[in-house]
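Encoded as structure tokens, the structure appears first; notes follow it.
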Amino acid sequence: MTDNSGGSPRPRTGRERIKTLTQAALNVDVRVEQVEALLEGLSTTLEGMNVSLENLDDTMVRFNDTITKIDALAPRMDAVVDRMEATVHRVERIVGLVESVLSPLTATEDALRDAVNIVKKIARR
431 MTDNSGGSPR PRTGRERIKT LTQAALNVDV RVEQVEALLE GLSTTLEGMN VSLENLDDTM
491 VRFNDTITKI DALAPRMDAV VDRMEATVHR VERIVGLVES VLSPLTATED ALRDAVNIVK
551 KIARR
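Numbering-wise (our numbering), the sequence shown opens with residue 431 and increments by one.
Encoded structure:
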């Protein structure tokens with residue numbers, strides 16, 4: 431018997447080499463098929479992503495248009511708020527004036543009611 435543990439391996443026969451090469455070729459063929467399947471799946475995925483990115487681009491364009499419209503609307507809204515504040519201020523002044531004008535009338539009304547109540551009490555006795 432030959433000790434192969436420390437020496438060089440025994441030479442392979444032509445048949446063994448052909449068998450090994452055939453097996454390697456089959457393994458490579460299987461791997462190539464796997465890579466082709468992977469690339470086909472990746473191609474489909476990339477096509478889907480391309481459509482998604484196109485849709486995202488369209489959405490971003492619309493979003494940008496909306497932001498631009500909001501930016502244009504902001505100064506107009508500020509003007510509306512300023513006009514509303516001025517109107518509220520005028521209404522507050524009018525209410526204050528009406529309260530000032532009506533306070534003597536209210537006092538007179540209270541005095542007249544008190545007088546009528548006193549007269550009613552006297553009349554009941």
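From the three backbone atoms N, C-alpha and C, an ideal C-beta is built for every residue, glycine too.
Task: Boundaries (first-last residue) of the alpha helix (DSSP H) holding R461 - done: Following the DSSP letters along the chain, one finds R461 inside the alpha helix (DSSP H) bounded by residues 444 to 554.
- [ ] Give me the Cα-Cα distance between R555 and A516, rounded to the nearest whole angstrom.
- [x] 58 Å
Task: For P441, three-class secondary structure by DSSP - done: The three-state secondary structure of P441, taken from DSSP, is coil.
Task: Local Cβ density within 10 Å of T432, reported as buried at 16 or more and exposed below that - done: Below a pLDDT of 50, predicted positions are generally treated as unreliable, and T432, at 48, falls in that range; the measurement from the model is reported next regardless. By the 10 Å Cβ count, T432 comes out exposed.
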